[in-house]
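Working notes, structure below.
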Amino acid sequence: MKVIIYGFGRMGLTHFSILNALNPNIFFTVIEPNKILREILKSNINAKFYADDSNLDSPFEICIITTPPSLHLDLVKKSIHRKDKKIFVEKPFGGHSNIKNHISINHKNIYIGYVLRFNPCIQWIKSNINPKNIKSIHGEYISNTIEKKPTGWRNGKFSGVCNEMGSHIIDLILYISEFNDFKILQSKKQSIVSDIDDIVEANIKTDQNILVSLYFNWVKKNVRKPIFKIEIELKDEKKYYIDQQQINIYKKNEFVEKVAVTDLAKTVPYYLRGIDFTNQMVDLLENQNVMASFNEAILVNKVISKILS
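The sequence shown: position 291 = 285 (my numbering), numbered continuously.
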């Protein structure tokens, strides 16, 4: 199997390491324009390294794109032209401004790296809740990620708490509720440290009449580590409180049950950055049953675009 990886920073290295452990018969090609980094990697990583892809015409079984979002669209088009079989792009696909360019894309096997879908608690929710029974959902992400003004693309239109972190939560709500359209009822954004959105609040109504509230904040000073949570209320008054570690279930404000990730997680063949990342690469190699599709990622971008407009 031949795999090409664009960009070999933290995420490129993560996906390489997991795939290499899952299938030792993969032959990797890496496009890394940084000459110094490329020379260091050549002596430590079993892969072919190139500064660019200008001489690569033969198709790959998998193309993995982990570059900054501004480069996503051009690289996807190159991959399609080369006739690569599967294309995996790190989230968010091109940032929230990329909501029109998808018209020029015609490839059914494009997947976006919304890894939280693979969290065992989210998978339990997906299997045990009927979207038709959902009354409301609250999604939240809080961290102290941005302590000083970022530089480069992270202080521009492709970044911000909504693009980089909120997109995960919006994708989870899309995945769980299966909405196809939405209306922004109210939104508010604040720039505290960066020149873009550091705190975002929004209220949304989906086409299934599910009320969605969102709160994203990556400048919360008293937070020790990032926190994400989803709260779901059903029409029968049952409530689910979900984070990465557990699900607490209530009925009419009475505690019913706790489901812990330790009860759900299975042994995985390779553990790096959590079970979610390994399961994501397993899904890429196999059936792509869980991965965010290209159209789902565009819908996430549309939600963000409307919130920030």
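Beta carbons: idealized from backbone N, C-alpha and C, even for Gly.
Check: CA-to-CA distance, Leu179 to Ile(-2), given in whole angstroms; Outcome: 42 angstroms
Check: Phe271 and Ile12 closer than 8 angstroms at C-beta; Outcome: yes
Check: Rounded separation between Ile59 and Leu31 - CA only; Outcome: 17 angstroms
Check: Length of the line joining the Cα atoms of Lys177 and Ile167; Outcome: 14 angstroms
Check: Selected residue, minimal CA-CA separation from Asn138, among Ile163, Ser188, Gly107; Outcome: Ser188
Check: C-beta contact flag for Ala254 and Gln240 at 8 angstroms; Outcome: yes
Check: Between the CA atoms of Pro86 and Lys80 - distance to the nearest angstrom; Outcome: 18 angstroms
Check: Presumed contact (8 angstroms Cβ cut-off) between His162 and Phe82, rounded CB distance; Outcome: Going by Cβ atoms, the distance from His162 to Phe82 rounds to 16 angstroms, so no, they are not a contact pair.
Check: Minimum C-alpha distance to Met5 - residue among Thr61, Asn14, Leu50; Outcome: Thr61
Check: Inter-residue spacing [alpha-carbon to alpha-carbon] between Asp230 and Lys183; Outcome: 33 angstroms
Check: Ala286 versus Leu293: straight-line alpha-carbon distance, rounded; Outcome: 11 angstroms
Check: Boundaries of the beta strand (DSSP E) in which Gln240 is found, first to last residue; Outcome: 240 to 245
Check: Candidates Phe2, Asn17, Lys(-4): closest to Met275 by CA position; Outcome: Asn17
Check: Lys71 versus Asn49, Ile104, Ser153, Glu248, residue with shortest Cα-Cα distance; Outcome: Ile104
Check: Gly133, buried or exposed, once every other Cβ within 10 Å from all chains shown has been counted against 16; Outcome: buried
Check: Residues that Cys57 bridges to, as DSSP identifies them; Outcome: Ile(-2), Ile81
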